[in-house]
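Residue numbers (the numbering used here), protein chains in the order written: chain A, 137 to 416; chain B, 175 to 808.
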């Protein structure tokens with residue numbers, strides 16, 4: 137009897153904990169969703185859990201705002217180019233590091249790992265002058281050029297551990313069939329790791345999509361090449377008041393695509409993140 | 175053509191093939207030589223190096239002064255700017271009448287004295303005064319004179335060393351030189367009909383062609399785009415004139431590559447071991463990654479290190495100077511002293527309206543002020559005195575411990591960052607562990623829960639900071655205040671981010687919300703590795719859940735926790751977004767302080783030193799962790 141009661145209390149406690157965790161993680165985002173349906177002046181006058189008379193005006197404003205749409209496009213473009221580049225180049229390196237035994241392998245692997253631990257800020261001023269010298273300051277190309285600093289080492293590291301996990305017989309079979317090493321890599325191993333490529337690409341995409349420091353530094357002067365995080369952080373709004381509601385709507389617009397991706401690939405993301413961080 | 179291949183080739187090369195081989199190996203050697211020549215040419219024709227060795231084209235302010243003595247007027251000095259010089263660029267025009275130089279009136283002076291004031295000749299790098307203020311009268315079209323003032327920077331050449339290090343330094347020249355050397359050696363080895371050399375040559379040609387192609391596309395874009403950000407129409411003629419020659423250079427390499435590829439198994443001899451074959455294959459695949467990392471990581475890092483030893487500034491004409499470790503000295507100098515508090519009438523320590531204690535000025539500050547008083551204005555400008563960074567009350571006594579530094583803001587940024595790192599990492603670990611254990615147990619809706627858990631992680635950090643800014647608004651309109659008041663936890667709205675409020679806790683809370691999911695993810699992976707039968711066995715033995723947690727979960731999770739701690743600590747040490755969005759510049763983290771110095775005050779050299787300091791901090795923490803938490807890789 138006592139044991140049953142204890143079990144019940146334990147179950148109630150557990151579900152309370154689940155609810156608390158769920159509330160903690162998603163409540164702020166739900167709140168952003170809620171204020172995105174109110175007007176700016178309503179938000180600035182009174183805090184409410186639910187909008188008093190929901191309107192889509194903020195979303196309408198944003199979708200009609202050519203500048204904001206342009207920043208969305210910039211973000212998507214920069215993130216896609218960076219990710220494609222990192223995947224192609226990174227899978228080459230990862231194959232070499234994961235499947236081929238050669239002198240200097242560990243050295244290269246650790247150099248790449250050191251890059252992921254690197255504080256981006258400490259190379260900012262050096263990068264700044266290189267971007268200036270290359271005559272790309274203020275353009276989206278400056279971002280495509282600099283983002284591989286964090287996406288490439290990550291891609292290499294995660295893909296290396298995926299390649300290592302594949303059985304060794306694959307190449308031997310391919311070699312017996314007379315395939316060159318490059319054919320083995322391109323025709324056999326890459327298709328096998330396609331799921332891993334998708335996951336890694338997705339994670340790299342999210343980190344490029346979310347990047348703020350480089351975007352802020354290199355596109356401060358030119359509004360036309362800014363990315364979404366910079367645009368939201370520096371929102372001018374319409375008029376003198378703080379554009380709280382517009383920002384909330386923008387937050388929702390920026391986050392929803394990522395959330396949809398997360399929903400679809402939830403299992404893969406967890407696998408990818410943990411493979412990159414723990415197995416290494 | 176008398177060279178005959180040694181050893182037994184697969185077959186004797188024909189006369190034609192021998193000529194072709196000479197051409198291909200010649201091409202390799204020429205490429206090597208071109209690499210050397212290009213490096214040399216780039217150094218010699220580099221603008222700032224030329225300025226350094228030959229002096230700037232128009233030195234100083236680029237201004238001539240003549241004395242005019244018209245009959246019906248007072249004599250005056252007329253300014254004659256040299257076209258393209260600094261004075262011309264700042265907008266001084268021919269015929270402007272000089273009134274004063276650096277606030278020194280010129281009426282009554284001789285021409286030589288005026289010229290001496292401009293000090294064209296003594297503009298040296300040691301000179302700290304890099305600009306001259308000119309007041310003058312400008313004759314208008316109606317003959318009336320209008321007053322005007324221009325501040326003209328002097329054109330000064332950098333030293334050769336600075337010019338070289340800024341534009342070339344070590345990484346790029348070293349790469350070019352070693353590549354050039356390798357190409358020449360490859361060319362020589364190829365003439366011996368060595369199959370290994372032939373295979374390496376194929377690799378070299380392949381990447382060279384790809385590299386040239388990328389360079390062609392790049393120069394097409396950079397030279398074609400109009401203006402800095404491309405607001406002018408695209409200039410195809412210019413773009414093509416730069417990229418086509420690069421594309422043409424690919425042709426001979428393509429021919430050489432095709433030829434080598436055809437005959438490699440027929441003419442070349444020698445054996446290649448499996449190891450050497452694999453090594454070649456691996457390095458072939460690594461080339462692009464290494465090139466990219468050298469370009470976007472190694473090179474900037476090197477720049478940052480070099481710049482941190484200079485007093486470089488953006489947006490000035492003053493060239494950078496080497497100042498040794500001065501930047502670091504300013505950053506790291508600190509002093510501790512004790513100060514008594516100001517007593518009020520009751521003999522208690524006086525407090526400001528918001529409750530902080532009022533302290534006396536310390537002896538150190540007095541000394542510094544005294545020093546400042548005895549200095550000339552020039553010295554004063556350069557002098558960085560010890561200023562208060564923080565004061566802590568010593569355990570209920572009337573004295574306080576005061577920290578002073580030459581750059582108190584930086585000292586504060588260190589303390590902010592360390593406090594932030596410690597509290598946020600501890601909280602994230604606890605919270606992450608709870609979340610991970612919740613989503614690791616099986617219950618209905620676990621998949622949904624795992625997705626919900628990823629929401630904070632998916633929101634861009636800066637966007638989440640902006641969002642929390644709204645949630646934590648410091649008055650009635652903040653939803654968090656409303657929630658707390660509705661629950662009866664506080665009576666009136668709290669200012670979450672004000673200087674006197676709990677701003678550090680608020681910042682930590684925002685960061686914890688954002689990053690706990692990531693921590694939970696890492697820990698979840700560790701939890702999943704723990705075999706379930708361990709728990710079953712423990713249950714059979716009658717161990718309680720709490721006991722199971724401490725005897726099974728925690729010890730087995732230790733390696734995962736160690737890795738997660740490292741990841742998060744290093745991330746927290748370079749925190750930028752939340753501080754940048756939520757706080758003003760007086761409460762920086764190390765990273766935002768670096769950014770502020772770089773972008774707001776444009777002191778590039780100093781900011782670089784801050785960057786190097788952050789780098790050192792992170793390095794220290796990594797070493798500490800690896801030693802004491804004891805993670806071992808592979």
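All residues carry an ideal CB built from backbone N, CA and C; glycine is no exception.
message: Checking 8 Å against the spacing of the C-beta atoms, do residue 164 of chain A and residue 641 of chain B come in under that value?
response: yes
task: Counting only the same chain and skipping the five closest in sequence on each side, list residues whose C-beta sits under 6 Å from that of residue 250 of chain B.
output: 242 and 271
message: Cutting at 6 Å between CB atoms, please list the residues of its own chain near residue 597 of chain B, excluding the five before and the five after it.
response: 682
- prompt: Can you find at least 3 beta carbon pairs, one from the segment 180-197 of chain A and one from the segment 352-367 of chain A, that sit closer than 8 Å?
  reply: no
message: Taking its Cβ as the centre, do 16 or more other Cβ atoms sit within 10 Å of residue 204 of chain A, making it buried, or is it exposed?
response: buried
- request: Using the Cα positions of residue 521 of chain B and residue 568 of chain B, report the straight-line distance between them to the nearest angstrom.
  value: 17 Å
query: In chain A, which residues lie less than 9 Å from residue 778 of chain B when you measure between Cβ atoms?
result: 261, 264 and 265
- request: Would you please verify whether the beta carbon of residue 143 of chain A is less than 8 Å from any beta carbon of chain B?
  value: no
task: May I ask which residues mark the beginning and end of the beta strand (DSSP E) holding residue 656 of chain B?
output: Looking at the DSSP string, residue 656 of chain B is not in any beta strand (DSSP E); the run it does join, the alpha helix (DSSP H), is 653-660.
message: Which residue marks the beginning of the alpha helix (DSSP H) containing residue 766 of chain B, and which one marks its end?
response: 764-769
task: Output, in chain order, the set of chain A residues within a Cβ distance shorter than 7 Å of residue 452 of chain B.
output: 236, 237 and 238
- request: Just tell me which of A/173, A/162, A/291 and A/154 has its CA closest to the CA of residue 384 of chain A.
  value: A/173
- request: Would you mind reading off the limits of the beta strand (DSSP E) that contains residue 827 of chain B?
  value: Residue coverage of chain B in this structure runs from 175 to 808, which leaves residue 827 of chain B outside it and unanswerable.
task: Out of B/210, B/783, B/230 and B/187, point me to the one whose CA is closest to residue 499 of chain B's CA.
output: B/783
- request: Count the C-beta pairs between the segment 433-445 of chain B and the segment 216-223 of chain A that are closer than 8 Å, then say yes if the count reaches three, no if not.
  value: no
Under 8 Å from the C-beta of residue 466 of chain B: neighbouring residues of chain A: 225, 284 and 288
field: Backbone secondary structure at residue 280 of chain B - three-state DSSP
entry: coil
field: Contact set between residue 722 of chain B and chain A, taken where Cβ atoms lie within less than 9 Å
entry: By Cβ distance, chain A contributes nothing, its closest Cβ being about 14 Å from residue 722 of chain B, past 9 Å.
message: Considering only their Cβ atoms, is the gap separating residue 668 of chain B from residue 675 of chain B smaller than 8 Å?
response: yes
- request: Quick one: list the residues of chain A neighbouring residue 656 of chain B, beta-carbon separation under 9 Å, in chain order.
  value: 182, 183, 184 and 185
message: Output needed in chain order: residues of the segment 330-342 of chain A with a Cβ under 9 Å from some Cβ in chain B.
response: 342
query: Which first and last residues belong to the alpha helix (DSSP H) in which residue 342 of chain B is found?
result: No alpha helix (DSSP H) holds residue 342 of chain B; DSSP gives it neither H nor E.
field: Beta-bridge pairing of residue 310 of chain B - partner residues as DSSP gives them
entry: B/272 and B/322
message: Tell me the rounded alpha-carbon separation between residue 697 of chain B and residue 379 of chain A.
response: 38 Å
- request: Output yes if chain A places a C-beta closer than 8 Å to the C-beta of residue 462 of chain B; else output no.
  value: yes
- request: Measuring only between beta-carbons, confirm whether residue 389 of chain A sits less than 8 Å from chain B.
  value: no
Nearest to residue 253 of chain B (by Cα), restricted to the options B/386, B/288 and B/360: B/288
query: Of the choices B/230, B/720, B/690 and B/797, whose alpha-carbon is the least far from that of residue 162 of chain A?
result: B/690
- prompt: Would you call the segment 505-519 of chain B and the segment 565-579 of chain B touching, i.e. three or more CB-CB distances under 8 Å?
  reply: yes
task: Assign residue 606 of chain B to buried or exposed, taking buried as 16 or more other Cβ atoms, counted over all protein chains shown, within 10 Å of its Cβ.
output: buried
- request: Could you tell me the boundaries of the alpha helix (DSSP H) in which residue 809 of chain B lies?
  value: Lying outside 175 to 808, the shown extent of chain B, residue 809 of chain B is not represented and no answer is given.
Any C-beta of chain A under 8 Å from that of residue 291 of chain B: no
query: If you measure from the beta carbon of residue 650 of chain B to each beta carbon in chain A, is any gap under 8 Å?
result: yes
- request: Give a yes or no on whether the minimum CB-CB distance between residue 489 of chain B and chain A is below 8 Å.
  value: no
field: Below-8 Å beta-carbon distance, residue 369 of chain A vs any chain B residue
entry: yes
message: Using only CA atoms, which one of B/430, B/410, B/349 and B/341 lies nearest to residue 377 of chain B?
response: B/430
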